[in-house]
Amino acid sequence: MTRCQRRFFPPGLALALLLLPGLLQADELRLDSTVLRLDNGMTVLLVDRPASATVAAGWVVRAGSADDPADQTGLSHLLEHMLYKGTRTIGIDEYDRIYGRAGATSINAFTAPDLTAYFVSVPANRLELWFWMESDRLLAPVFRGLAAEQKVIAEEMRRRDATPTGPFAAQLDALFWQRHPYGQPGFGWLADVESATSEDALRHFRTWYGPGNLTAVLVGHFDRAKAAELARRYFGRLPAAPAPVRRLPPAPAPRAETRMLATCECPSQIELRYPTAPFLHADADALLVLAGVLNGRAGRLQSALVTAGLASRASAEQSSFERAGFFALRAQVAKPEVSPEQLEQTWADVLGRLQREPVPAAELERVQSSLVADALRRLDDPFFLMVQLLTYAGRGDWTYLQEQPRRIRAVTAADLQRVAQTYFRPEIRTVAIYRRAAKPEGAAKP
Amino acid sequence: MKLRSVLTLALLLAVCPLSAQLPSREISARPEQIRFEPLEIELKDPARLRHRLSGGVPVYVVEDHTLPLVDVTVLLRAGAVLDTPGKDGLAALTASLVRRGGTAPRRPAEVDEKAESLAVRIETASRNEHVTVSLNCLSGRLDEGLDLLFEMLRQPAFDPETIELEKRRMIATMTGRNDDGNRILDREWTWLLYGRDHAVGRYTTAPGIASITREDLAGFHTRFWKPANMILAVSGDVDPKTIMKRLEARLAGWEKGKAAPWPPAPPSHRPTPGLYYVDRSLPQAQVAIGRLGLTREDRDRHAAALANQILGGGGAFTTRLMQRLRTEEGLVYGVTSELDVGPLWPEPFQIRFAADPAKVPQAIAIARAELRRLCAEPPTAAELETAQSQLLAQIADTFGSARKTALAFALGETLGRPHSDWRNDRAGILNAGAAGVQAAACRALSDDTMLVLVVGSWEKVAAAEGAKELPEPAQQLPLRDPLTLAKP
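Here you go:
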């Protein structure tokens, strides 16, 4: 039997936000949503926005590039491409045409280490078309035109390599993650992609794409009861399958610093990565707030690196994956006379202060207010909201979106000092230094 | 009277008959068999959203109480077209310094700390025709947010240290101009289409930026950052009466000023069709094929927009270029064609893609063959219907939220685009037939009027299969010094 679980549903409001006006103290943020769990195990999340003329609709599978077999890297990404090649009913070039004629836009998908997401924006009166199309391709996909798609992926890789630091991305990931599957390149290694077969893609699909491993998200203009009925009717026809078990090893525990020295056609720059905490870990919240202390025009990196004339830009970020995470500091020199090592030394000074002294209460309050307001801003656009919900559902818990303000508020100055001391140790970090090449290659005179 | 319009999706009624029945409980064998309810969408009436402050400043207000947030955007006719000769970047640097350079009562760092403590976002952006300053704040902090916004607008301090910092930042950004093939292509393409004399083609240089003084910035601000050049867009959790009262208070006593010269003169450069290239070793060559497009006065603009949409509009997978170059041949990851209608001068018509240099001649040949096919034969009914749906969806998206609606109307008025254009566009898109689309393609997108620009390893391109079919002669453009844009 299908269960319909309702969460906080005040009539007449698309969203309920229990924020004390202007003060941002009670950071209870509730999406007015309905969560369905279908008999076959699939989860469907409905968030209505009556003012919209469209529905942002998508689904996510909790499997991504980290789930690619070690000798078949890029398989999740290849499968993402192949799922647009039709079904037993729909021809190879029909998927986009059918959506296009219906006025659908933003037809797209992405592959990440933990998840693969597929989405589109459909006119509000065409919601049933989305259910038809998506349940059809989950039910009976046919992988046609593999050879052309392998060439497309080779071009996608070439596109990455045509960016100034793109050619080094896979090497940096491999250095940082060591043998962990999070270090596998999302596109895969070219030789693996070129040798993959339609049977490999189909096997990967059958392993991971069962309804117990899928969450669909709708944000937009629709009647919830009708949408729930459509979900049961269309997605309900997928044969039940439990969520498979992900076999990811623990995060790597490096014992020595690793350095990558690259020569690039780009302004000299530096990236420092520290292994930290995974998604939903309380320390990931503290690291998010710590990044807030460092970032922005009022942040510590601005004064120490940018205003001081050393860096043209500098930023910090906590990246949280389902089973592991890292904190990255990135900065680019303001002028050729500054070396990446000077940026590194200044970062060490900024970091030392974070480790020695608690962040003052006024500064922490300012950062937390700003981060909570940003969390609210991210709910504004229905399409972006849908993509965020897919991402968090793919990492294991979409409710993180509404929990985030409370989590941010729960972080104390002592937490910040503790995580700075715990995670930011030189002996476990990976440092990438990019130095500008003396002269661009191929700069021929006319 | 409130204007109600059966917009966009309901207009699909005209191109594919819909039933008023509710969805059936059966699952159709094919998706085309699903019957859909018609959808009515209200098109906001700009006249009802437009208010005026006592000094005459227009303000578009669109309410949306879904979230406790308010957006206030100030649009000013103070863009790069007003740059002083030799000081290109003056308008952009002024806008940047209004945000970053402190205010009379506050040092730059104090402004940023104040903004963060209020959890407000204030950002500036500059374009050729105008600049914008936008505030986003919690509705409970609107008064304090407006106070800070208007403190920046009315009393910028142009802090000397921050001016130097900003100038260094702009110059640091310039150093990367030749690092990315796309940036080289953008620059050379703009020059090929518009020349270097008009604001559209005037790029900043390190000497030009260095020559800008604090007096230049303050003078530009005093002259052009005035209510006479200003239009506002407000949206979100606020009602018109409240916001107008609050804005009235913030603008009180601000000298109206003199309106900037308007409209700016259009570029006079005439592009020369042919093949051009910049020799630069890159894993992927960047390619543009195109010409100057149309202005809003052009009668063929809707039919031409449909032709472009069928060709490669928005990089949609339904388009001919995506089908041929990606799905069938696997030569590119993406390909787009654009035909934006310029309110003041023609925007470019352009096909853009990146490809392996050894595949570039083949990809260019396919793209040009598709251009010729647009003129040689009318589109199919299905192609036309799809293109109409996509363009109508774009219009609907322009008004897809309160913020977008307020900005679309305010920007339209800033650039001198009549609001009636939106309705005319819808009608024009729906009324264009296949023969009209074909005729417009022959006139506006003719292959023999195109310029082709390649940025990539020319040795590999010239040695590739199909290179002999490229237009001749191929004219080399220099890879310029990133700071001065002078020839090497």
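In order, the protein sequence lines correspond to chains G and W. Anchor point for the first sequence: position 237 equals 237 in the numbering used here, and the numbering is continuous, going up by one each time. Anchor point for the second sequence: position 407 equals 407 in the numbering used here, and the numbering is continuous, going up by one each time. By construction, the Cβ of each residue, glycine as well, lies at the ideal position given by its N, Cα and C atoms. Just so we're clear, the structure is a prediction, and the values are computed from it rather than from any experiment.
query                                                                                                                             : result
N-terminal and C-terminal residue of the alpha helix (DSSP H) that G/Asp374 is part of                                            : 361 to 377
Buried versus exposed, by CB contacts within 10 Å (16 or more), W/Asp112                                                          : buried
Reduced DSSP secondary structure (H/G/I, E/B, other) of G/Phe222                                                                  : coil
Residue environment, W/Ala491, which counts as buried when at least 16 other CB atoms sit within 10 Å                             : Here chain W has residues from 1 to 488 only, and residue 491 of chain W is not among them.
Given G/Asp223 as reference, the closest of G/Pro50, G/Trp59, G/Glu149 once Cα atoms are compared                                 : G/Pro50
Chain-ordered chain G contacts of W/Asn136 [CB-CB under 7 Å]                                                                      : Arg377
Residues in the region 136 to 154 of chain G having any Cβ partner in chain W nearer than 9 Å                                     : Asp136, Gly145, Ala147, Ala148, Glu149, Gln150, Lys151, Val152, Ile153, Ala154
Length of the line joining the Cα atoms of G/Ala228 and G/Ala117                                                                  : 21 Å
Neighbour-count burial assignment, W/Trp345, 16 or more Cβ in a 10 Å radius                                                       : buried
Inside the region 289 to 356 of chain G only - alpha helix (DSSP H) runs reaching at least 4 residues                             : 340 to 356
Cβ neighbour criterion (16 or more within 10 Å) applied to W/Trp225                                                               : buried
8 Å contact criterion, which W/Val278 and W/Pro357 should meet: CB distance rounded                                               : Actually they do not touch by this definition, with Cβ atoms about 12 Å apart.
C-beta neighbour in chain W for G/Asp161, strict 7 Å                                                                              : yes
Whether G/Gln184 touches G/Ser65 by CB criterion (7 Å)                                                                            : yes
Alpha helix (DSSP H) segment containing W/Ser96, residue limits                                                                   : 90 to 100
Three-way DSSP call (helix, strand, coil) for W/Gly208 in this model                                                              : helix
Proximity test, Cβ basis, 7 Å: G/Gly74 and chain W                                                                                : no
Best match in G/Leu288, G/Glu341, G/Leu371, G/Glu134 for proximity to G/Gly236 [C-alpha to C-alpha]                               : G/Glu134
Spatial neighbours of W/Leu13 in its chain, beta-carbon cut-off 7 Å, leaving aside the 5 residues before and after                : Because W/Leu13 sits at a pLDDT of 33, beneath the cut-off of 50, its placement in the model cannot be relied upon, and the following sentence gives the value as read from the coordinates. Answer for W/Leu13: Pro38, listed in chain order.
Where the region 353 to 387 of chain W meets chain G: residues whose CB sits under 8 Å from a CB there                            : Ala354, Ala355, Asp356, Ala382, Glu385, Thr386
G/Tyr423 to G/Glu194 span [Cα, whole Å]                                                                                           : 39 Å
Extent of the continuous alpha helix (DSSP H) run through W/Gly145                                                                : 142 to 154
Residue(s) in a DSSP beta bridge with W/Gln476                                                                                    : W/Tyr277
Chain G within 7 Å of W/Gly176, Cβ atoms only                                                                                     : yes
Residue interval of the beta strand (DSSP E) (run including G/Thr34)                                                              : 33 to 37
Assigned exposure category for G/Gly91 - 16 Cβ within 10 Å defines buried                                                         : exposed
G/Val55 beta carbon less than 7 Å from that of G/Ala124                                                                           : yes
Three-state secondary structure (DSSP) of W/Ala199                                                                                : helix
Cutoff 7 Å: W/Glu151 Cβ touching any chain G Cβ                                                                                   : no
Stretch-stretch touch, CB-based, cutoff 8 Å, three pairs: the region 422 to 432 of chain W with the region 302 to 309 of chain W  : yes
Beta-carbon spacing of W/Ile289, W/Ala367 below 7 Å                                                                               : yes
Inter-stretch contact (C-beta, 8 Å, three-pair minimum) for the region 312 to 319 of chain G and the region 290 to 299 of chain G : yes
Interface flag, W/Glu26 vs chain G, CB-CB below 7 Å                                                                               : no
Of the residues G/Leu230, G/Leu38, G/Arg30, the one placed nearest W/Glu26, counting alpha carbons only                           : G/Leu230
Check whether G/Ala311 and G/Leu354 have beta carbons under 7 Å apart                                                             : no
Distance CB(G/Leu138)-CB(G/Leu238) smaller than 7 Å                                                                               : yes
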